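Scroll down for the structure; my scribbles are underneath it.
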């Protein structure tokens with residue numbers, strides 16, 4: 001039996017704080033837990049547009065000069081580029097927005113993960129909505145007035161904070177609702193983050209074409225419209241969050257068997273990050289993301305430089321291609337990039353679901369082993385000119401990149417318990433920030449070094465692929481070294497009660513209920529997130545099939 005502890009002293013709170021109070025979102029008996037995943041998807045599909053923001057880079061680089069970009073003087077300083085309105089932005093400068101996204105995502109998730117456990121997911125998701133949509137609003141203003149520093153501040157910094165808070169807010173909630181299917185639950189939410197670009201990028205393109213006129217290309221209007229659309233969707237998801245009462249578990253013998261097989265030791269976030277298990281898992285995530293994100297960012301030029309004329313059924317090297325042929329293979333590469341995005345999404349759900357059947361440790365062992373095998377054999381595939389095998393191998397590799405993101409929250413819950421997994425997951429995401437720098441730097445600089453040494457473009461990635469193979473082997477070893485957490489790190493009963501705050505649970509008492517039958521709200525919730533996601537997948541598949549037929 002679960003009883004509200006009325007003796008806990010609570011400080012005075014404002015009416016807004018009471019509205020977002022954690023106690024207000026505790027589900028009542030009969031609540032259907034399948035209402036929570038679409039709420040999480042609504043948030044993640046919006047913030048996932050960070051992956052597709054590069055759709056704006058080229059139009060943003062033509063804001064002043066139009067079809068003929070007005071280049072800045074060669075002697076212009078870095079600081080002058082941040083404020084100038086006399087010349088167009090370089091794409092290399094715009095790309096820093098992408099870097100800021102993920103640096104501030106990891107930092108904000110680490111800094112405010114504990115706050116999430118204290119105040120609950122609804123308030124954190126509301127703040128994430130204000131930051132992400134407010135950041136987009138500032139970006140539209142920055143583009144209108146052509147101020148690069150404001151673009152970095154709005155989208156990169158403020159938007160990046162919104163990304164971090166929005167990313168972690170639903171994960172711990174879903175893990176509590178699905179203790180019997182932790183991998184699948186985390187995969188459903190994080191799949192939305194990977195799918196945000198599939199929905200957002202074509203939508204952004206359509207909006208730019210809709211708002212374009214003779215005097216502008218519709219960029220700032222498109223971002224402003226996205227800000228309003230995303231605010232609506234994210235608020236619907238935010239107010240759809242519910243928490244299960246402490247001690248709740250799903251009904252059914254199968255669910256009970258899974259829960260009983262995991263005794264559920266609980267570790268406080270202040271202790272968890274000091275354990276060897278935390279840092280081994282940090283390395284597991286960092287190495288997996290480093291290997292994936294570097295290739296993901298270079299997939300298009302990699303395909304073009306390695307296979308060159310073979311993409312057009314011509315036996316021509318990269319240097320022998322003319323301008324028209326280069327444009328045609330760039331179109332092929334664009335379809336390939338879209339296909340990788342699709343496998344990034346599917347891998348998040350697939351590998352996370354596999355982890356429910358095989359266990360997290362076994363799943364990551366498969367990811368690292370298969371990844372090392374594919375990276376190690378890619379040079380042979382490339383030298384043989386097997387384009388189809390190369391495409392298939394990269395799709396599997398990127399699926400495991402996404403799968404690592406989706407599986408790691410459940411892995412953390414298995415090792416440290418689900419009570420503070422949101423805060424622990426937030427700190428672990430600093431590995432993503434680190435990989436966002438190390439992966440692209442490693443791939444890009446090795447490529448430039450090979451070119452400087454006069455290596456043929458078809459072979460400039462051989463060393464890179466072998467280095468990434470080595471990183472995945474190290475990741476495999478780190479994963480194998482993860483051991484169950486010793487009991488000495490577990491929270492005491494008093495610490496657990498303080499962390500729970502609102503509830504006192506009788507010993508061995510667990511609350512369960514049979515969910516209410518499917519309601520129109522449940523159906524509408526899934527339609528609201530399912531239709532945009534399926535539309536994005538269909539659009540990507542249509543382009544990819546056309547390019548690879």
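Numbering (this note's numbering), first residue to last: 1 to 549.
Backbone N, C-alpha and C define an ideal beta-carbon position, used for all residues, glycine too.
Owing to the predicted nature of the structure, the values given are computational and were not obtained by experimental measurement.
Residue i, DSSP secondary structure in three states
i: residue 248; result: strand
i: residue 243; result: strand
i: residue 26; result: strand
i: residue 314; result: coil
i: residue 321; result: coil
i: residue 366; result: helix
i: residue 511; result: strand
i: residue 336; result: helix
i: residue 418; result: coil
i: residue 354; result: helix
i: residue 298; result: helix
i: residue 503; result: With a pLDDT of only 40 at residue 503, under the threshold of 50, the placement of this residue in the model should not be trusted; the figure read from the coordinates follows. Note: residue 503 maps to strand in three-state DSSP.
i: residue 474; result: helix
i: residue 274; result: coil
i: residue 481; result: coil
i: residue 309; result: helix
i: residue 32; result: coil
i: residue 530; result: helix
i: residue 268; result: coil
i: residue 234; result: helix
i: residue 491; result: coil
i: residue 462; result: helix
Straight-line Cα distance separating residue j from residue i
i: residue 99; j: residue 436; result: 7 Å
i: residue 313; j: residue 320; result: 14 Å
i: residue 277; j: residue 363; result: 17 Å
i: residue 46; j: residue 455; result: 42 Å
i: residue 414; j: residue 467; result: 31 Å
i: residue 371; j: residue 420; result: 31 Å
i: residue 396; j: residue 368; result: 12 Å
i: residue 359; j: residue 298; result: 32 Å
i: residue 541; j: residue 201; result: 14 Å
i: residue 526; j: residue 135; result: 28 Å
i: residue 150; j: residue 56; result: 16 Å
i: residue 446; j: residue 75; result: 29 Å
i: residue 115; j: residue 185; result: 22 Å
i: residue 227; j: residue 133; result: 5 Å
i: residue 409; j: residue 537; result: 25 Å
i: residue 61; j: residue 107; result: 29 Å
i: residue 383; j: residue 304; result: 14 Å
i: residue 431; j: residue 164; result: 13 Å
i: residue 77; j: residue 94; result: 16 Å
i: residue 195; j: residue 97; result: 20 Å
i: residue 85; j: residue 416; result: 52 Å
i: residue 349; j: residue 127; result: 27 Å
Residue nearest to residue i in terms of C-alpha spacing, selected from the options
i: residue 483; options: 532, 275 and 514; result: 275
i: residue 166; options: 39, 225 and 522; result: 39
i: residue 422; options: 273, 160 and 169; result: 169
i: residue 532; options: 233, 159, 123 and 458; result: 233
i: residue 224; options: 239, 215, 203 and 236; result: 203
i: residue 284; options: 35, 464, 120 and 412; result: 412
i: residue 230; options: 197, 247, 282 and 417; result: 197
i: residue 511; options: 158, 244 and 35; result: 244
i: residue 270; options: 387, 80 and 111; result: 111
i: residue 481; options: 118, 449, 361 and 521; result: 361
i: residue 180; options: 357, 69, 125 and 126; result: 357
i: residue 291; options: 390, 401 and 53; result: 401
i: residue 520; options: 23, 20, 32 and 268; result: 32
Residue burial classification, residue i (beta-carbon count within 10 angstroms, cutoff 16)
i: residue 88; result: buried
i: residue 139; result: buried
i: residue 486; result: exposed
i: residue 178; result: buried
i: residue 460; result: buried
i: residue 453; result: exposed
i: residue 251; result: exposed
i: residue 375; result: buried
i: residue 221; result: buried
i: residue 30; result: exposed
i: residue 173; result: buried
i: residue 576; result: Absent from the model: residue 576. The displayed extent of the chain is 1 to 549, so no value can be given.
i: residue 448; result: exposed
i: residue 441; result: exposed
i: residue 324; result: exposed
- prompt: In chain order, which alpha helix (DSSP H) runs of at least 4 residues are fully inside the region 49 to 137?
  reply: 57 to 60, 78 to 83 and 91 to 119
- request: With a floor of 4 residues, list each alpha helix (DSSP H) that falls wholly inside the region 172 to 224, ordered by position along the chain.
  value: 182 to 211
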